[in-house]
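Asker: Handing you this structure, nothing more for now.
Number of protein chains: 2
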Amino acid sequence: MTSSPEPSSRPAEPPVRRRDTRLDNYVDRYAVRTHGMTASAIRALFAVANRPEVVSLAGGMPNITDLPLDVVGSSLQRLVLDDGRVAMQYGSGQGEPMLREAICEVMGLEGIAAHPDDVTVTVGSQQGLDLVTRLFCDPGDVVLCEAPSYVGALGVFRAYQCEVRHVGMDAEGLSPQALREALEVLRQQGKRVKFLYTIPSFHNPAGVTQSEQRRREILAIAREADLLLIEDNPYGLLGFDHEPLPTLRSLDSELVIYLGTFSKTFAPGFRIGWVLAPHAVREKLVLAQESATLCPPVFSQFAVAAYLRDHDWRGQIKVFREMYRERRDAMIAGLADHLPAGCTWNTPAGGFFVWVGLPAGLDAQAMLPRAVTARVAYVPGTAFYTDGFGSRFMRLSYCYPTPERIIEGTRRLGEVLNREAALHETFGTVGPADPAGPALPYQAPRPNQS
Amino acid sequence: MTSSPEPSSRPAEPPVRRRDTRLDNYVDRYAVRTHGMTASAIRALFAVANRPEVVSLAGGMPNITDLPLDVVGSSLQRLVLDDGRVAMQYGSGQGEPMLREAICEVMGLEGIAAHPDDVTVTVGSQQGLDLVTRLFCDPGDVVLCEAPSYVGALGVFRAYQCEVRHVGMDAEGLSPQALREALEVLRQQGKRVKFLYTIPSFHNPAGVTQSEQRRREILAIAREADLLLIEDNPYGLLGFDHEPLPTLRSLDSELVIYLGTFSKTFAPGFRIGWVLAPHAVREKLVLAQESATLCPPVFSQFAVAAYLRDHDWRGQIKVFREMYRERRDAMIAGLADHLPAGCTWNTPAGGFFVWVGLPAGLDAQAMLPRAVTARVAYVPGTAFYTDGFGSRFMRLSYCYPTPERIIEGTRRLGEVLNREAALHETFGTVGPADPAGPALPYQAPRPNQS
């Protein structure tokens with residue numbers, strides 16, 4: 001079982017477990033929040049999906065094969081010899097000043113003017129989201145998320161016992177009208193929203209990007225409603241078509257708390273992300289970080305800073321961008337060639353993910369075991385909702401497998417879908433009825449295939 | 451302001467802050483837990499204490515100058531070249547299997563027989579404690595701690611809105627009688643204890659160690675009361691006198707959750723600790739870790755594993771032990787030479803800390819600014835209590851400064867205390883009355899000086 005952020009192709013651990021059948025003697029001692037922590041039903045399946053013969057279009061792991069290992073290796077050796085006794089010591093709870101300065105330089109590429117003093121380093125942006133939620137959310141507090149939203153964020157909100165309300169999206173991302181409606185419903189219910197969590201660029205899992213106009217509309221609503229926004233931007237620098245769009249944070253520094261990470265532009269294994277937050281929030285974040293970890297990994301911070309100093313990291317991001325563009329192209333071509341009629345998808349302009357809609361009657365979660373048997377894996381859309389929606393959708397990722405494997409994966413997926421469709425025609429019982437509700441799953445507006 | 455785990459001698463950040471006087475516009479949005487997160491009053495003072503002219507006996511930073519930087523540097527370079535694409539990638543939420551195997555070998559030195567499957571890697575043992583508390587504690591839940599207890603643990607319990615009850619100690623650590631009484635009082639109040647947090651070996655801050663007999667008594671009470679124990683053991687391998695005593699976990703694998711760390715036996719900057727927990731708890735811990743960070747720092751895990759493989763780490767621990775023993779000896783000699791009559795302290799058999807009691811009428815917290823002015827720093831005893839006790843005590847650490855600096859520090863401290871005592875004799879108003887309550891501060895049983 002690999003428990004990386006998302007199902008991945010890392011070697012699975014030995015499947016033999018001891019005492020698997022033992023009862024949990026501690027169950028009556030757990031906190032209320034712990035009873036909501038259960039391993040997902042698809043977890044076991046992904047252990048199988050990690051086998052090399054399976055093409056996994058499920059994982060969210062970046063492809064870091066292009067990183068210059070010789071440069072990083074020498075850089076880290078020199079780091080240990082020159083600064084080892086500082087880099088291996090405890091550090092600042094807020095994060096090392098020289099890294100926070102470099103982070104401001106990185107954010108500058110997306111139009112953000114920030115002071116290093118307002119940056120808090122975190123254990124990946126996942127921990128940034130955990131700490132922000134810790135600061136703001138009591139059990140029962142309402143958090144708004146896109147429909148669909150990042151599975152790891154939904155896990156954090158569940159851990160803090162938040163009530164998640166999904167807000168609909170369209171081809172330009174989060175829908176302003178849906179946001180207004182959601183706020184109005186909550187106002188009528190007398191519930192206050194603690195924040196809106198959004199991924200404006202190259203959305204995970206929906207693959208869409210908020211236009212600049214859309215961003216300004218969302219911010220106008222936020223200002224009117226005094227709504228705090230959490231902007232999660234792991235993929236912003238990995239766009240294929242043009243310069244990055246202005247981040248929400250670059251347009252408003254008071255209502256936006258910004259989450260960044262080096263996981264996709266450098267490497268995830270150092271676990272270095274950050275939160276850029278208004279000063280008062282930043283002070284609380286540092287106290288929360290000290291309570292959570294004393295300080296984020298110091299050696300990792302020095303390692304990332306050394307990489308940024310010793311390597312052409314801007315050039316490296318361009319290399320990554322071209323590599324992911326090629327994979328995106330392979331996937332879109334593969335989908336057009338192999339997916340049956342009635343499927344829909346969008347063409348992401350960056351990032352890692354394509355969001356695929358299935359014909360009526362098919363159920364992505366129900367068919368997953370059959371797909372894995374056919375040696376292809378994906379994440380069913382239901383993972384990205386807290387409310388049971390998404391069964392007619394799946395997230396495909398093109399970040400990790402080679403273009404050839406991606407195309408082979410879409411071919412296998414097409415076969416599975418054709419069989420499912422045939423079954424459905426014959427028996428009419430393969431999938432559940434289409435979901436309907438306040439926040440319908442995002443559906444690509446133009447079926448790319450008739 | 452350095453925000454390492456404890457006041458340290460790392461260079462302070464530039465004191466110039468922007469918008470320091472701005473009001474907190476977010477204050478009415480915070481969670482209830484966040485209102486309890488406030489920077490300690492002594493924090494600003496420690497920024498001053500970090501100046502080189504001040505002898506800081508306040509910090510808990512290990513002295514890692516003896517680490518072989520050439521070995522570590524080459525080891526990490528080879529790691530990047532050989533395994534860089536795995537070590538810099540996402541990893542398992544539970545932690546890397548090869549490191550968990552090595553952790554079991556390390557724990558074997560303290561009598562623990564464990565399976566790697568029951569180990570969860572954490573961002574230092576601080577995060578271990580955070581995750582364990584997250585699993586078990588709802589707001590208002592009662593947690594038992596020693597009197598005094600580790601300041602970082604008290605911070606975690608506060609962050610989870612626990613009710614901390616202190617349990618008295620004597621020269622052999624946590625008092626069984628005090629524990630029985632505390633349990634009885636809580637039983638009468640109808641309150642259930644979620645767990646007892648204890649540091650059996652070389653206690654932080656009290657410096658005492660539970661004898662083997664004492665450990666068995668505590669476990670017997672725990673079994674009778676069905677009380678879960680959290681054993682925090684950062685210093686267990688750093689004893690000066692004999693082989694490590696059996697850990698609580700080696701005597702009971704069902705009621706003890708064990709926290710370990712490489713921060714004191716190797717280096718804290720990698721932020722690698724671990725939790726050894728019964729299987730059912732471990733499963734929840736991994737889910738909590740995934741929610742908190744996706745996975746603990748992968749590169750750090752590979753780095754620690756490479757160090758354990760490439761270096762005589764057992765020999766290195768012996769080197770550390772001798773180095774700390776010499777510093778302990780310097781501190782005890784300095785205290786005997788310089789502290790005024792009426793002071794008490796114990797002679798720790800390992801670890802980093804000496805717990806000093808002051809003569810009646812003196813207040814360690816009130817006199818701290820005067821001590822820092824006299825260029826010596828310590829942590830006032832009140833930091834180690836949640837209930838206001840401890841004002842007549844201070845924690846001195848001998849881990850970081852050289853023996854010469856330690857002796858100079860005790861000399862300066864002696865001067866300060868003499869002046870305080872003279873003031874008290876003249877005016878009688880220097881300190882508060884002696885505290886009294888259910889869990890009196892631990893006081894060394896034999897004054898080491900008349």
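Chains as they are written, first to last, in this note's numbering: chain S, 1 to 450; chain Z, 451 to 900. Virtual Cβ for every residue (Gly too), placed ideally from N, Cα, C.
(1) Can you tell me whether cysteine 612(Z) is helix, strand or coil according to DSSP?
(2) Between the Cα of glutamate 613(Z) and those of Asp588(Z), Pro598(Z), Asp762(Z) and Arg637(Z), spot the shortest distance and give me the residue it belongs to.
(3) Tell me proline 147(S)'s beta-bridge partners as DSSP assigns them.
(4) Count the other CB atoms within 10 Å of the CB of arginine 778(Z); is the residue buried (16 or more) or exposed (fewer)?
(5) Judging by CA-CA distance, which residue of Arg100(S), Leu69(S) and Pro97(S) is the nearest neighbour of alanine 537(Z)?
(6) Just checking: is the beta-carbon of arginine 85(S) within a distance shorter than 7 angstroms of some beta-carbon in chain Z?
(7) Rank Asp141(S), Leu81(S), Gly95(S) and Ala147(S) by C-alpha distance to the C-alpha of phenylalanine 389(S) and give the top, closest one.
(8) Should serine 750(Z) be flagged as near chain S, meaning a C-beta pair shorter than 7 angstroms?
(9) Going by DSSP, name the residue or residues bridged to isoleucine 680(Z).
(10) Please tell me whether glycine 509(Z) and leucine 294(S) are closer than 7 angstroms, where the distance is taken between their beta carbons.
(11) I'd like to know if the stretch 619-630 of chain Z and the stretch 662-677 of chain Z are in contact, where contact means that at least 3 CB-CB pairs between them fall below 8 angstroms.
(12) Quick one, which of Arg85(S), Arg78(S), Asp117(S) and Leu79(S) has its alpha-carbon nearest proline 97(S)'s?
(13) For proline 728(Z), return the contacting residues in chain S, with the cut-off set at a CB-CB distance below 8 angstroms.
(14) Is isoleucine 463(S) helix, strand or coil by DSSP?
(15) Can you tell me where the alpha helix (DSSP H) holding threonine 424(Z) begins and where it ends?
(16) Report the residue ranges of all beta strand (DSSP E) runs contained in full by the stretch 303-388 of chain S; include only those spanning at least 3 residues, in chain order.
(17) Using a C-beta to C-beta distance shorter than 7 angstroms, which residues of chain Z count as neighbours of arginine 464(S)?
(18) Using the Cα positions of glycine 686(Z) and leucine 695(Z), report the straight-line distance between them to the nearest angstrom.
(19) Taking just the CA atoms, how far does glycine 315(S) sit from lysine 194(S)?
(20) Measure from the alpha carbon of tyrosine 353(S) to the alpha carbon of each residue in Ser201(S), Arg375(S) and Gly190(S), then state which is nearest.
(21) Use the C-beta contact count for valine 286(S): other C-beta atoms within 10 angstroms, 16 or more gives buried, fewer gives exposed.
(22) Note down the Cα distance separating alanine 182(S) from valine 167(S), rounded to an integer number of angstroms.
(23) What does the Cβ neighbour count give for arginine 642(Z), buried or exposed, with the cut at 16 atoms within 10 Å?
(24) Would the beta-carbon of glycine 602(Z) fall within 7 angstroms of that of valine 571(Z)?
(25) Mind checking if alanine 444(S) is an interface residue toward chain Z, Cβ cutoff 7 angstroms exclusive?
(26) Which residue marks the beginning of the alpha helix (DSSP H) containing arginine 43(S), and which one marks its end?
(27) Would you report the Cα separation of tyrosine 540(Z) and valine 498(Z), rounded to the nearest angstrom?
(28) Step through the CB atoms of chain S and report whether any lies within less than 7 angstroms of the CB of isoleucine 562(Z).
(29) Using 7 angstroms as the limit for Cβ to Cβ distance, is methionine 511(Z) near chain S?
(30) Chain S beta carbons: is any one of them nearer than 7 angstroms to that of valine 606(Z)?
(31) To the nearest angstrom, report how far apart proline 584(Z) and asparagine 796(Z) are at their CA atoms.
(32) On the three-state DSSP scale, how would you describe phenylalanine 749(Z)?
(33) Based on the DSSP output, what are the partners of arginine 845(Z) in its beta bridges?
(34) What residues of chain Z sit near aspartate 130(S), judged by a beta carbon separation below 8 angstroms?
(35) Within 10 angstroms of the Cβ of proline 234(S), are there 16 or more other Cβ atoms? Answer buried if so, exposed if not.
(36) Which one or two residues does DSSP pair with valine 121(S) in a beta bridge?
Answerer: So, from the data block:
(1) Position 162 of the second sequence, counting from 1, holds the residue named residue 612(Z). Three-state DSSP puts cysteine 612(Z) in coil, outside helix and strand.
(2) Position 163 of the second sequence, counting from 1, holds the residue named residue 613(Z). Nearest C-alpha to glutamate 613(Z): Asp588(Z).
(3) For the purposes of this step, residue 147(S) is taken as residue 147 along the first sequence, with counting starting at 1. Here the sequence assigns alanine to residue 147(S), which means proline is not the residue at that position. Note: alanine 147(S) sits in a beta bridge opposite Gly168(S).
(4) Along the second sequence, one-based indexing puts residue 778(Z) at 328. Buried, since its Cβ has 16 or more Cβ neighbours within 10 Å.
(5) By 1-based counting over the second sequence, the position of residue 537(Z) is 87. For the residues Arg100(S), Leu69(S) and Pro97(S), the minimum Cα distance to alanine 537(Z) belongs to Leu69(S).
(6) What you label residue 85(S) is simply residue 85 of the first sequence in a count that begins at 1. Yes, because at least one Cβ of chain Z sits closer than 7 angstroms to the Cβ of arginine 85(S).
(7) Residue numbering aside, residue 389(S) sits at position 389 when the first sequence is read from its first letter. Nearest option by C-alpha distance: Ala147(S).
(8) Within the second sequence, the letter at position 300 stands for residue 750(Z). So yes, serine 750(Z) belongs to the interface.
(9) Walking along the second sequence from the start, residue 680(Z) turns up at place 230. Bridge partners of isoleucine 680(Z): Tyr647(Z) and Ile707(Z).
(10) Within the second sequence, the letter at position 59 stands for residue 509(Z). Within the first sequence, the letter at position 294 stands for residue 294(S). No; because the gap between Cβ atoms is not below 7 angstroms, this pair is not in contact.
(11) yes
(12) The residue labelled residue 97(S) in the question sits at position 97 within the first sequence. Checked all of Arg85(S), Arg78(S), Asp117(S) and Leu79(S); the closest Cα to proline 97(S) is Asp117(S).
(13) Here residue 728(Z) refers to the residue found at position 278 of the second sequence. What proline 728(Z) touches in chain S: Asn25 and Tyr26.
(14) Residue 463(S) is absent from the model: chain S starts at 1 and stops at 450.
(15) Chain Z is shown from 451 up to 900; residue 424(Z) falls before or after that span and cannot be answered.
(16) 353-357
(17) What the structure shows of chain S is the stretch from 1 to 450, and residue 464(S) is not part of that stretch, so it cannot be assessed.
(18) To locate residue 686(Z), count along the second sequence from 1; it is residue 236. To locate residue 695(Z), count along the second sequence from 1; it is residue 245. Their backbone Cα atoms lie some 8 angstroms apart in a straight line.
(19) Stepping through the first sequence from its first residue, residue 194(S) is reached at position 194. Stepping through the first sequence from its first residue, residue 315(S) is reached at position 315. When rounded, the distance between both Cα atoms is 39 angstroms.
(20) Along the first sequence, read from residue 1 onward, the residue named residue 353(S) stands at position 353. Here the sequence assigns phenylalanine to residue 353(S), which means tyrosine is not the residue at that position. Nearest of Ser201(S), Arg375(S) and Gly190(S) to phenylalanine 353(S), Cα basis: Ser201(S).
(21) As a working note, residue 286(S) is residue 286 in the first sequence. Buried, because 16 or more other Cβ atoms sit within 10 Å of the Cβ of valine 286(S).
(22) Taking the first residue of the first sequence as position 1, residue 182(S) is located at position 182. Taking the first residue of the first sequence as position 1, residue 167(S) is located at position 167. Going by the C-alpha atoms only, they are around 7 angstroms apart.
(23) Within the second sequence, residue 642(Z) is the residue found at index 192, counting from 1. Flag for arginine 642(Z) reads exposed.
(24) Taking the second sequence and counting its residues from 1, the one referred to as residue 602(Z) is at position 152. Taking the second sequence and counting its residues from 1, the one referred to as residue 571(Z) is at position 121. Not in contact: glycine 602(Z) and valine 571(Z) (Cβ atoms no closer than 7 angstroms).
(25) Residue 444(S) sits at position 444 when you count from the first residue of the first sequence. False, the Cβ-Cβ gap to chain Z never drops below 7 angstroms.
(26) For the purposes of this step, residue 43(S) is taken as the residue at position 43 of the first sequence. Here the alpha helix (DSSP H) through arginine 43(S) covers 43-49.
(27) To locate residue 540(Z), count along the second sequence from 1; it is residue 90. To locate residue 498(Z), count along the second sequence from 1; it is residue 48. Cα to Cα, the separation comes out at about 40 angstroms.
(28) Taking the first residue of the second sequence as 1, we reach residue 562(Z) at position 112. No, its Cβ sits nowhere closer than 7 angstroms to a Cβ of chain S.
(29) Numbered from its first residue, the second sequence carries residue 511(Z) at position 61. By this cut-off, methionine 511(Z) is an interface position.
(30) Translated into positions along the second sequence, residue 606(Z) becomes position 156. At least one chain S Cβ lies under 7 angstroms of valine 606(Z).
(31) Position 134 of the second sequence, counted from the first residue, corresponds to residue 584(Z). Position 346 of the second sequence, counted from the first residue, corresponds to residue 796(Z). A small fix is needed here, since residue 584(Z) is arginine in this sequence, not proline. Spanning the two alpha carbons is a distance of roughly 35 angstroms.
(32) One-based indexing of the second sequence puts residue 749(Z) at position 299. It is helical.
(33) Looking up residue 845(Z) in the second sequence gives position 395. Arginine 845(Z) pairs with Trp805(Z) and Val829(Z).
(34) To locate residue 130(S), count along the first sequence from 1; it is residue 130. Neighbours of aspartate 130(S) on chain Z, chain order: Ser741, Ala742 and Thr743.
(35) Position 234 of the first sequence, counting from 1, holds the residue named residue 234(S). So proline 234(S) ends up on the buried side.
(36) Counting from one through the first sequence, the residue named residue 121(S) turns up at place 121. The partner list for valine 121(S) (beta bridge, DSSP) reads Trp274(S).
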